[in-house]
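Residue numbers (my numbering): 381 to 635.
Worksheet for the structure shown next.
Here you go:
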């Protein structure tokens with residue numbers, strides 16, 4: 381039975397994911413920007429927090445962790461490469477590690493680029509990926525610490541996951557990401573349809589996260605930098621995939 385996944389809005393545009401295995405009665409979170417909403421969501425469901433997975437060190441992903449760690453004794457998991465900037469870890473992990481969370485194997489993936497030491501967590505049995513601020517719905521994180529080459533390598537690694545993979549990313553940026561994506565591929569019918577659906581969902585107050593990898597492969601310009609048509613439209617026919625990705629990222633930064 382796949383995990384129950386709850387998408388919990390926090391702060392102004394962040395998401396926390398609660399992962400629950402009804403058979404083992406284990407519950408994990410991916411990142412905790414603030415403790416209050418997570419504490420309430422757990423209490424409402426009668427769930428006990430057993431694991432806290434950290435994607436990266438930014439405050440809007442970790443500020444609530446010390447309080448809930450103190451209250452629950454949950455195991456805190458994060459990247460060994462980022463440990464000096466994270467709350468105290470009970471388990472330090474690295475790219476290629478497999479750990480068990482909520483009764484399932486979880487593959488740890490280094491997805492540096494937004495930050496150095498950023499990791500994502502892939503739950504193959506539940507077909508779910510928790511990507512933090514690396515791969516986002518219709519976008520990707522800004523390159524605060526890593527290079528375009530590093531981020532392209534990270535996104536390419538994620539893009540190779542099965543298309544039915546659920547993508548739990550850290551923010552509700554999809555509408556603005558969609559507007560930008562249309563400047564790169566204005567005639568992409570899948571993108572046009574998705575932007576319309578995102579607009580309807582947001583108007584109804586519904587989250588647009590998680591998304592599906594199949595959707596991202598068809599519409600997310602940051603996963604499509606290798607396509608000849610996009611290279612041609614940007615006047616970069618002979619550029620490397622990473623160079624094209626870098627140009628798209630620069631345009632988004634100015635958008």
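Heads up, the beta-carbon is just placed ideally off N, CA and C, and yes, glycines get one too.
| Item | Value |
| --- | --- |
| Cutoff 6 Å; reference residue 588; Cβ partners in own chain excluding five residues on either side | 517, 554, 578, 581 |
| Segment contact, 8 Å Cβ cut-off, at least three pairs: the region 457-475 with the region 418-426 | no |
| Cβ contact (3+ pairs, closer than 8 Å) linking the region 428-437 and the region 401-412 | yes |
| Coarse secondary structure for residue 552, derived from DSSP in three states | coil |
| Residue 628 vs residue 614 beta-carbon contact at 9 Å | yes |
| Residue 472 versus residue 503: straight-line alpha-carbon distance, rounded | 18 Å |
| Segments assigned alpha helix (DSSP H), at least 4 residues, entirely inside the region 450-519 | none |
| Burial state of residue 633, where buried means 16 or more other Cβ atoms lie within 10 Å | exposed |
| Residues near residue 466 by beta carbon distance below 6 Å, same chain, minus five either side | 434, 437, 458 |
| Residue range of the alpha helix (DSSP H) that includes residue 530 | 528-539 |
| Short Cβ contact (9 Å threshold) for residue 599 with residue 539 | no |
| Simplified DSSP assignment, three categories, for residue 385 | strand |
| Beta bridge counterpart(s) of residue 432 as assigned by DSSP | 409, 456 |
| From 592, 416, 395, residue whose alpha carbon lies closest to that of residue 333 | This structure cannot settle anything about residue 333, because the visible part of the chain is limited to 381 through 635. |
| Under the three-state DSSP convention, the category residue 613 falls into | helix |
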